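Down below is the structure, laid out as structure tokens.
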Amino acid sequence: MYSSTLSVYRLDDLSRLTYYRITASERLPISERSYGIDYLWYMINVIDDNQFSSSYLVSICTYLQFSIYYPPLWHTVPSTLNDYPLINNSYRLIDPWYYPHRLGLYKILIDVTTPLMPFCTSSNASNILFAFPSQFGWQFESNRLFTNGTLNISLNSWWAAANYYLSVIPFLVAVDVGLIPNTTFQIVQQENFCSNVIDCRKQVPKAMNRWREFFSLLQECNGDFNNRILDTRYLGPMWHAYQGSIEDAVPLIESKLAFLPSNAERSFGQGWARLLSLIAMARKNTNLYETLKNQRAFLPFRMLSDNDRLTGSNDLPDLVKKSLEVLFTFRFDWLSQIERIWEKLTCNYEARVYAQYALESMAISKILAAKYLAQAIINALMFQCDRSFRSDL
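Per full-length UniProt numbering, the sequence shown starts with residue 1, numbered consecutively.
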């Protein structure tokens with residue numbers, strides 16, 4: 001039992017740290033060490049300033065202060081177009097199949113969009129685009145880019161191919177709408193990957209249109225901010241663009257699946273791509289804090305072997321194994337029906353908050369996930385759907 005004040009992440013305010021008086025705490029039988037960080041999962045009862053008591057699932061890092069880990073080489077990669085190689089004194093050359101160059105595209109995007117996000121007051125880590133470079137860094141560290149100890153990204157990597165449309169496409173659109181100063185540049189073209197605005201409009205029109213919509217809305221947003229505005233004006237359009245990139249990319253990169261090292265890794269990659277729609281509708285916060293928390297808790301730090309699916313593996317943390325079990329046992333033949341139900345279930349902000357909790361807790365406690373799901377259903381019925389709900393999907 002605790003009677004003192006602890007600093008925790010409250011799950012309905014994922015973008016900032018707040019303080020609450022803890023009245024009771026029950027340790028869950030899960031303790032994880034992932035990516036060098038110890039996480040303890042707690043169920044806590046919280047009494048807020050209005051004396052309203054709620055139960056929350058939280059992960060408390062055993063370090064006294066949560067450290068921000070930027071993607072590998074983040075502080076050394078290009079941060080402007082002028083940092084890329086100058087060719088014949090006429091243009092800058094960007095090779096998206098070289099890890100520092102592709103990561104540099106993300107760094108430029110973060111730098112130019114952070115001033116447009118009023119919730120990024122103290123650090124660029126609150127930028128909701130940070131999920132992309134952070135996941136790219138995880139792919140690099142886990143050798144999913146097939147770099148094999150180098151900085152050269154393999155054209156055979158399915159993960160790298162999918163990420164291409166989550167890096168090059170938003171970058172090209174940001175340049176096209178004027179967010180990034182248009183220094184003359186060329187992107188190295190490989191295989192059938194589009195490398196300029198004209199070709200990409202033909203190859204991935206949905207992704208291009210949705211990223212254009214996101215950046216245009218970002219430029220129009222004023223300085224007003226609360227969690228509902230974050231959800232509606234920022235996360236909604238961003239997830240819409242994210243999903244558009246994946247939907248356009250998956251058919252184009254299908255041949256790359258054959259190069260993945262195991263059926264388990266293929267199932268993991270395809271499952272991630274297919275379940276993205278559910279996460280997108282819930283509008284999970286994608287800042288660096290939240291992305292790191294979920295990467296460390298739920299994602300495997302190496303590529304999977306078939307033994308991981310058949311017998312499990314001792315080197316993967318328990319929570320990672322539980323999350324993989326959820327993914328591998330998911331009834332994808334029911335996905336279209338689930339998506340239709342989930343669409344109605346996440347039609348307003350109040351329901352989406354609990355839908356996020358349900359997704360986060362599925363690998364930890366099915367009972368807790370069911371509790372959050374029930375509350376999401378109640379909120380979906382009690383509160384009116386967003387006026388922009390249909391156009392956001």
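We put the beta carbon where it would ideally sit given N, CA and C, even for glycine. No experiment lies behind these values; they were computed from the predicted model shown.
Rounded C-alpha distance that separates residue i from residue j
i           : j      : result
ILE367      : ARG352 : 19 Å
THR183      : ASP83  : 11 Å
ASN209      : ASP248 : 11 Å
ILE169      : LYS256 : 19 Å
ALA358      : ILE377 : 11 Å
residue 401 : ASN89  : The structure shown does not extend to residue 401, since the chain is modelled only from 1 through 393, so no value can be given for it.
SER262      : ILE180 : 40 Å
GLU339      : TYR164 : 26 Å
LYS293      : PHE130 : 13 Å
GLU265      : HIS75  : 30 Å
TRP138      : ALA280 : 20 Å
GLN356      : LEU155 : 34 Å
Classification of residue i by the beta-carbon crowding that lies within 10 angstroms, buried from 16 upward
i      : result
SER323 : buried
TRP334 : exposed
VAL175 : buried
ASN348 : buried
VAL188 : exposed
PHE383 : exposed
ILE253 : buried
ILE198 : exposed
THR291 : buried
For residue i, the nearest candidate out of the options (CA to CA)
i      : options                        : result
GLU325 : TYR164, LEU359, ALA363         : ALA363
ASN127 : PRO251, ILE68, TYR357          : ILE68
PRO133 : ARG309, THR286, PHE328         : THR286
ASN124 : THR114, ILE377, SER305         : THR114
ASP95  : ASP111, PRO78, LEU109          : PRO78
LEU240 : SER154, ASP386, SER277, GLN337 : In the sequence on display, residue 240 carries His and not Leu. Of the candidates SER154, ASP386, SER277, GLN337, the one whose C-alpha sits nearest the C-alpha of HIS240 is SER277.
LEU304 : GLN375, ARG331, PHE268         : PHE268
THR121 : PRO72, LEU166, ASP224, ALA374  : ASP224
Opposing strand residues paired with residue i [DSSP bridges]
i      : result
ARG233 : DSSP output for ARG233 lists no bridge partner at all.
LEU86  : ARG92
TYR152 : One detail in the question is off: residue 152 reads as Asn in this sequence, not Tyr. Partner(s): TYR98.
N- and C-terminal bounds of the beta strand (DSSP E) containing residue i
i      : result
TYR91  : 91-94
PHE185 : 185-187
Segment limits, alpha helix (DSSP H) that includes residue i
i      : result
PHE328 : 318-328
THR291 : 288-298
PRO100 : 99-113
MET281 : 263-282
MET208 : 205-220
8 Å Cβ cutoff, residue i in contact with chain C
i      : result
SER195 : In summary, chain C is missing from the structure at hand, where a single protein chain is found.
Check: residue i C-beta below 7 Å from any heavy atom of the ligand MG
i      : result
PRO237 : No copy of the ligand MG appears in this structure; indeed no ligand is present at all.
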